[in-house]
Amino acid sequence: MAKEKPGALEVKTFADHHVITQPNPLRKMLRRVPESDLDDPVARAEKALAGLSGEFKNWMAIEADRLSAAHAAILMDGFNDATREELFRAAHDIKGDAATFGYPSAGAAAESLCRIVEHAPELDKVPSDLIAHHINAIQAIVRERTKLDTAAMAGELSRQLRGVADVFLTHANRDRPEHLEAILAPSIVPAE
Amino acid sequence: MYRIDFNKLRFLICDDNPHMRRVLRTLLHSFGAREAYEAEDGATALEMYTHYVPDIVITDWSMPIFDGLELAQMIRQPESKGNPYAPIIMLTGHSEKRRVTVARDAGVTEFLAKPISAKGLYQRIMNVVASPRPFIKTKTYFGPDRRRNTTNTYIGPERRVGGEMEVMQQPSLLDKARSAI
Chain C
1 MAKEKPGALE VKTFADHHVI TQPNPLRKML RRVPESDLDD PVARAEKALA
51 GLSGEFKNWM AIEADRLSAA HAAILMDGFN DATREELFRA AHDIKGDAAT
101 FGYPSAGAAA ESLCRIVEHA PELDKVPSDL IAHHINAIQA IVRERTKLDT
151 AAMAGELSRQ LRGVADVFLT HANRDRPEHL EAILAPSIVP AE
Chain V
193 MYRIDFNKLR FLICDDNPHM RRVLRTLLHS FGAREAYEAE DGATALEMYT
243 HYVPDIVITD WSMPIFDGLE LAQMIRQPES KGNPYAPIIM LTGHSEKRRV
293 TVARDAGVTE FLAKPISAKG LYQRIMNVVA SPRPFIKTKT YFGPDRRRNT
343 TNTYIGPERR VGGEMEVMQQ PSLLDKARSA I
């Protein structure tokens, strides 16, 4: 599809940098509406997302199984670039998706696992139970979500795992200040 | 009050996770978008970026082949044939402040940490549509102005040096890029 051509750039040149201003090519996508306009695109999108929610349980199960498969590959072949990457990627996806899909505690446990993979000086020396407990917890949270009494337990489980992981990472990185700083830095995402 | 005519906007979504792509597609279509192209890795996204010339790129960070950060760096090549100015919204599970800085220094326009929300995504899109920032080009950086605030409260050293020398008009690189396709 042909798009309307944008205007010329204005370039202001300074001693060590240029400031380039482009007439806003997206300006024409904006339209003024009266304050009384009832159309709410955000509410419409939230409703559409709620319409997808019937898929979320299945999607989380797929993602949890991918994580377990990544763990199984490590148990079989040990840590190498490929197995480490897949474990991190699987956990990272759950960290990002789980709260949207209604599994915030699984996301918190996955975040803790991501931190281990990212900051442990030597993954081979991470206690195997620490990784296994994270994966088992995520699987349990995903499988048992329908039980009414599991939400609080899932939250507590994630907090406990994060606590143990942080103690391990803080000790393991005591001589690596750049990692220690990253481990102790607060997240930009508000806590649940 | 302003609204965005989403049906005139063309999006490129880049995320290796099919579930997140579905969520993004659902949100964009609900906002009113009709054109949302999807790529599952950075290399495919770069090809699609050149081919479809999207108005806005929404990319994940962690992806195979090359990641969202590398994608942003490849788009932000001032001498490239493609449009180096398109807004890039990085939607990522990374939630550490240092990651925001790294993304910003790669030329990312807006950063949105997962979990995604309709409101968060809409706000980022509104920012890039209604309030684009000028681009800065230095020896080591090309991308949106990293100074979002213009308050006078900053008391550190001025890192940009030199007075204004001249203002020059030049043919639009974007125009050149689109005519080459």
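Taken in sequence, the protein lines are chains C and V.
Reminder that position 37 of the first sequence reads as 37 in the working numbering, one-by-one numbering, no gaps.
Reminder that position 33 of the second sequence reads as 225 in the working numbering, one-by-one numbering, no gaps.
All residues carry an ideal CB built from backbone N, CA and C; glycine is no exception.
Check                                                                                                                                                    : Outcome
Can you pull the chain V neighbours of C:Glu46, defined as C-beta to C-beta under 7 Å?                                                                   : Ala310
When the Cα atoms are used, what is the spatial distance from V:Ile308 to V:Leu283?                                                                      : 8 Å
Hey, could you find the ends of the alpha helix (DSSP H) C:Met17 is sitting in?                                                                          : As written in the sequence, residue 17 of chain C is His, which differs from the Met given in the question. That residue, C:His17, is in no alpha helix (DSSP H); it is neither H nor E in DSSP.
With DSSP run on the structure shown, which of helix, strand or coil describes V:Thr388?                                                                 : Outside the shown range of chain V (193 to 373) lies residue 388 of chain V, about which nothing can therefore be said.
Run through chain C and tell me which residues come within less than 7 Å of V:Phe258, C-beta to C-beta.                                                  : Ordered by position in chain C, no residue passes the 7 Å Cβ test against V:Phe258, which lies about 13 Å from the chain.
When the cut-off is 8 Å and only beta carbons count, does C:Val126 lie next to chain V?                                                                  : no
Is V:Ala228 near V:Phe203, with beta carbons less than 8 Å apart?                                                                                        : yes
When we look at the beta-carbon of C:Ile20 and count the other beta-carbons within 10 Å, is it buried (16 or more) or exposed?                           : buried
Using only alpha-carbon positions, find the residue among V:Pro270, V:Leu304, V:Arg290, V:Arg268 that is nearest to V:Ile281.                            : V:Leu304
Taking only beta carbons into account, state which residues of the region 83–99 of chain C come closer than 7 Å to chain V, listed in chain order.       : Arg89, His92, Asp93, Lys95, Gly96, Asp97, Ala99
Tell me the rounded alpha-carbon separation between V:Arg338 and C:Leu75.                                                                                : 44 Å
In angstroms, rounded to a whole number, what distance separates the CA positions of V:Lys329 and V:Ile248?                                              : 20 Å
C:Ser68 touches chain V at which residues, Cβ-Cβ below 8 Å?                                                                                              : Ordered by position in chain V, no residue passes the 8 Å Cβ test against C:Ser68, which lies about 17 Å from the chain.
Taking 6 Å as the limit between beta carbons, can you name the residues of its chain near C:His71, skipping five residues before and five after?         : Ile135
From V:Glu239 to V:Ser287, what distance separates their C-alpha atoms?                                                                                  : 28 Å
Chain V beta carbons: is any one of them nearer than 8 Å to that of C:Ala185?                                                                            : yes
Got a sec: which bits of the region 214–236 of chain V sit with their beta carbon under 8 Å from any beta carbon on chain C, in order along the chain?   : Arg214, Val215, Thr218, Leu219, His221, Ser222, Phe223, Gly224, Glu227
Once you ignore the five residues that flank C:Glu118 on each side, which residues in its own chain have a CB closer than 6 Å to its CB?                 : none
Check whether chain C comes within 8 Å of V:Lys289, counting only Cβ atoms and requiring the distance to be less than that.                              : yes
Does the CB of C:Ile135 have a neighbour CB from chain V at under 8 Å?                                                                                   : no
Can V:Asp247 be considered in contact with the ligand MN, in the sense that its beta carbon sits closer than 7 Å to one or more heavy atoms?             : Summarising the ligand content, the structure contains no ligands, and the ligand MN is consequently not present.
Over what stretch of residues does the alpha helix (DSSP H) that includes C:Thr83 continue unbroken?                                                     : 81–97
What is the DSSP secondary structure of C:Glu144, reduced to helix, strand or coil?                                                                      : coil
Taking 8 Å as the threshold (beta carbon to beta carbon), is V:Pro336 in contact with chain C?                                                           : no
Going by the CB atoms, is the gap between V:Ala264 and V:Val300 shorter than 8 Å?                                                                        : yes
Quick one: does C:Val19 have its CB under 8 Å from some CB of chain V?                                                                                   : yes
On the criterion of 16 or more Cβ atoms from any shown chain inside 10 Å, does C:Thr100 qualify as buried, or is it exposed?                             : buried
Can you list, in chain order, the stretches of the alpha helix (DSSP H) that have 4 or more residues and sit fully within the region 126–180 of chain C? : 128–143, 150–172
Measure the Cβ-Cβ separation of V:Ile196 and V:Val321 and say whether it is below 8 Å.                                                                   : yes
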